[in-house]
Amino acid sequence: MWGMVLGLALGLAARLAGGLGEGVTQAVRWTALQVLDPVGQVFLRTLFFVVVPLIFASLALGVVQLGRLDQLGPLAGRTFALFGLNMAIGVALGLVIMNTVRPGYRMTEETKVMLLDQSQEEAGEAQARAAEQPKITLRQLVEMFMPRNLFGAVADFQILPLIVFALLVGAAGTQLADERRRQAQTGLAMVTELMTRIVHFAMLLAPVAVAAMIASQAIKAGVDILQALLLFVLCALGGMVLHLFGTMSLLLRLLSRRSPRQFFRAVRTVLVTAFSTSSSSATLPTTILVSREQLGVSASTAGFVLPLGATMNMSGTALYEGCVVLFVAQVYSVPLTLGSQITLLLLTVLSAVAVAGIPGASLPLIVGLLATFKIPPEGIALILGVDRLLDMARTVLNVGADMVVACIVDERLGQNAPAPVSIPPPPARPGS
Ligand code: ASP
């Protein structure tokens with residue numbers, strides 16, 4: 041948290057210093073690109089290193105630990121129902137705010153032209169990526185979940201096939217004779233534990249890396265664009281804050297016995313990591329670690345719900361997608377009836393499931409949604425200047441909601457859940 045505050049202060053100070061002359065501005069930008077970004081990347085890459093083995097081992101372990109395959113049904117059923125519910129509420133909230141405030145109708149013609157001009161190139165890239173997105177057919181779904189080459193897909197950071205493979209390994213594990221099953225469990229627990237240790241290493245770097253990443257973003261952010269889109273940004277952020285602290289607290293109160301205050305206090309590290317990395321996947325190791333060690337979620341629930349959540353439960357992304365589509369429709373005066381908005385809600389939830397947990401991953405899907413509703417897809421350029429900031433915020437909501445679902449599912453299955461594999465805390469740091 042202090043890293044974040046320090047990073048923001050440093051970034052803003054550097055921007056002010058940039059006002060002293062062109063030479064200083066150049067030096068500040070150089071520092072952001074050549075010094076601050078690499079520091080942040082060391083942290084980020086350490087987390088990315090562990091993502092694949094961790095997803096595999098924790099998910100397979102989660103299923104093996106269930107002991108019996110028929111336990112998978114209730115676990116999966118509750119998990120997917122909560123994912124869907126939480127994304128649908130998120131989008132509905134975003135749409136209500138956008139329909140009430142209507143920021144798109146308040147934008148002047150000059151602002152619109154300025155925004156479209158500034159981000160033309162990136163908008164073209166997002167449209168090209170959208171054109172590569174396959175249409176959802178049965179054939180394509182099989183391809184998405186079970187590609188011919190698992191390792192090729194994983195190397196491209198496609199997580200869904202890895203999840204399917206891990207589930208299969210876990211399911212196979214439950215069928216082994218007792219002794220063999222225990223061995224498989226120990227092996228998988230060992231991998232999880234090793235990866236968790238690496239996450240502890242990464243977390244030692246976090247304060248410095250978070251400060252560096254936030255400072256770099258503050259230096260690079262375009263203040264004029266932020267001003268032009270202030271109302272839209274406030275609407276989207278307002279929706280996210282309301283969903284994270286309102287809906288999530290409500291779900292925790294209604295469906296579990298946890299105090300929302302304690303929950304949010306315990307998960308601060310995860311939320312800061314999500315904010316500074318803009319990636320649910322990069323945050324996943326920290327999410328698992330904190331859920332097990334601070335929230336006391338059992339190994340099988342954490343291992344099952346959190347990797348799935350990091351790729352499928354994208355309530356921040358869904359909320360944001362709905363807001364952008366409505367905003368662009370308002371700017372271009374394309375009316376969307378109540379019926380179209382309900383369709384938008386459903387499509388947004390489905391497309392958010394397909395978004396990868398990496399920065400900016402939702403942009404091509406938003407382009408696809410715009411085209412579906414006959415809204416000019418190049419309108420995506422309007423919001424690109426503020427996308428990174430809102431990406432940071434929506435990722436916080438994405439991972440926050442994953443942990444809420446994990447807590448609820450764990451409590452609901454509480455009586456049946458096997459004892460968690462305990463991961464001992466890291467050795468004390470000298471002097472701490
Ligand atoms: N950055 C988001 C995440 O990783 C995905 C997105 O909305 O672009 O959760």
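The sequence shown begins at 41 in the numbering used here and counts up one residue at a time. Quick reminder that beta carbons are idealized off the backbone N, C-alpha and C, glycines included.
Contact under 8 Å by Cβ, residue i with residue j
{"i": "Ile398", "j": "Glu361", "result": "no"}
{"i": "Arg434", "j": "Met235", "result": "no"}
{"i": "Leu430", "j": "Val365", "result": "no"}
{"i": "Leu387", "j": "Thr351", "result": "no"}
{"i": "Ser331", "j": "Ala342", "result": "yes"}
{"i": "Gln334", "j": "Ala306", "result": "yes"}
{"i": "Phe272", "j": "Gly102", "result": "no"}
{"i": "Leu200", "j": "Val92", "result": "no"}
{"i": "Phe241", "j": "Thr86", "result": "yes"}
{"i": "Ile448", "j": "Ser98", "result": "no"}
{"i": "Gln381", "j": "Leu135", "result": "yes"}
{"i": "Leu346", "j": "Leu324", "result": "yes"}
{"i": "Val204", "j": "Phe185", "result": "yes"}
Pairwise C-alpha distance: residue j and residue i
{"i": "Leu403", "j": "Asp427", "result": "9 Å"}
{"i": "Cys363", "j": "Leu384", "result": "10 Å"}
{"i": "Pro464", "j": "Arg222", "result": "Here the model assigns Pro464 a pLDDT of 44, short of 50, so the residue's position is not dependable and the matter cannot be decided."}
{"i": "Leu122", "j": "Glu150", "result": "43 Å"}
{"i": "Met147", "j": "Val445", "result": "38 Å"}
{"i": "Ser355", "j": "Ile137", "result": "16 Å"}
{"i": "Ala251", "j": "Ala72", "result": "12 Å"}
{"i": "Glu62", "j": "Arg69", "result": "11 Å"}
{"i": "Thr317", "j": "Thr232", "result": "22 Å"}
{"i": "Leu56", "j": "Leu269", "result": "22 Å"}
{"i": "Gly213", "j": "Val104", "result": "5 Å"}
{"i": "Gly227", "j": "Val82", "result": "28 Å"}
{"i": "Asn456", "j": "Ser373", "result": "Here the model assigns Asn456 a pLDDT of 41, short of 50, so the residue's position is not dependable, and the following value carries that caveat. In a straight line, the C-alpha of Asn456 is about 54 Å away from that of Ser373."}
{"i": "Met443", "j": "Ala116", "result": "15 Å"}
{"i": "Asp264", "j": "Gln158", "result": "11 Å"}
{"i": "Asn353", "j": "Leu359", "result": "12 Å"}
{"i": "Arg118", "j": "Asp110", "result": "14 Å"}
{"i": "Leu294", "j": "Ala441", "result": "15 Å"}
{"i": "Gly471", "j": "Leu244", "result": "In this prediction, Gly471 scores a pLDDT of 40, lower than 50, which makes its location untrustworthy; the coordinate-derived value is nonetheless stated afterwards. Rounded to whole angstroms, Gly471 to Leu244 spans 14 Å at the Cα level."}
{"i": "Pro300", "j": "Val239", "result": "25 Å"}
{"i": "Leu76", "j": "Met44", "result": "13 Å"}
Proximal residues to residue i (C-beta, below 8 Å), its chain only, five neighbours per side dropped
{"i": "Lys152", "result": "Val371, Leu422"}
{"i": "Leu48", "result": "Ile254, Ala255, Ala258"}
{"i": "Thr287", "result": "Asn126, Ile129, Gly130, Leu133"}
As assigned by DSSP and simplified to three states, the class of residue i
{"i": "Ser289", "result": "helix"}
{"i": "Gly144", "result": "helix"}
{"i": "Arg85", "result": "helix"}
{"i": "Gln105", "result": "helix"}
{"i": "Asn139", "result": "helix"}
{"i": "Phe120", "result": "helix"}
{"i": "Gly397", "result": "coil"}
{"i": "Ser472", "result": "Its pLDDT being 37, under 50, Ser472 is placed unreliably by the model, and nothing is read from it."}
{"i": "Gln66", "result": "helix"}
{"i": "Val374", "result": "coil"}
{"i": "Gly164", "result": "helix"}
{"i": "Gly61", "result": "coil"}
{"i": "Ser331", "result": "helix"}
Any non-hydrogen atom of the ligand FAD closer than 7 Å to residue i Cβ
{"i": "Gly80", "result": "This structure lacks the ligand FAD; its bound ligands are the ligand ASP."}
Proximal residues to residue i (C-beta, below 7 Å), its chain only, five neighbours per side dropped
{"i": "Glu451", "result": "Ser296, Arg297"}
{"i": "Thr357", "result": "Ala392, Val395, Ser402, Arg434, Asn438"}
{"i": "Leu216", "result": "Ala224"}
Extent of the continuous alpha helix (DSSP H) to which residue i belongs
{"i": "Phe5", "result": "An answer regarding residue 5 cannot be provided, because it is not within the stretch 41 to 472 covered by the chain."}
{"i": "Ile382", "result": "378-393"}
{"i": "Thr357", "result": "355-371"}
{"i": "Met235", "result": "218-260"}
{"i": "Leu430", "result": "421-452"}
{"i": "Gly51", "result": "42-58"}
{"i": "Val337", "result": "No alpha helix (DSSP H) holds Val337; DSSP gives it neither H nor E."}
{"i": "Asp264", "result": "263-268"}
{"i": "Leu208", "result": "199-214"}
{"i": "Gly192", "result": "190-195"}
{"i": "Asp157", "result": "149-158"}
{"i": "Arg179", "result": "178-185"}
{"i": "Ser316", "result": "308-317"}
Other residues of its chain near residue i: CB distance less than 6 Å, five sequence neighbours each side excluded
{"i": "Ala369", "result": "Leu376, Ile415"}
{"i": "Glu418", "result": "Ala163"}
{"i": "Pro458", "result": "With a pLDDT of only 41 at Pro458, under the threshold of 50, the placement of this residue in the model should not be trusted; the figure read from the coordinates follows. Here the set comprises Gln105."}
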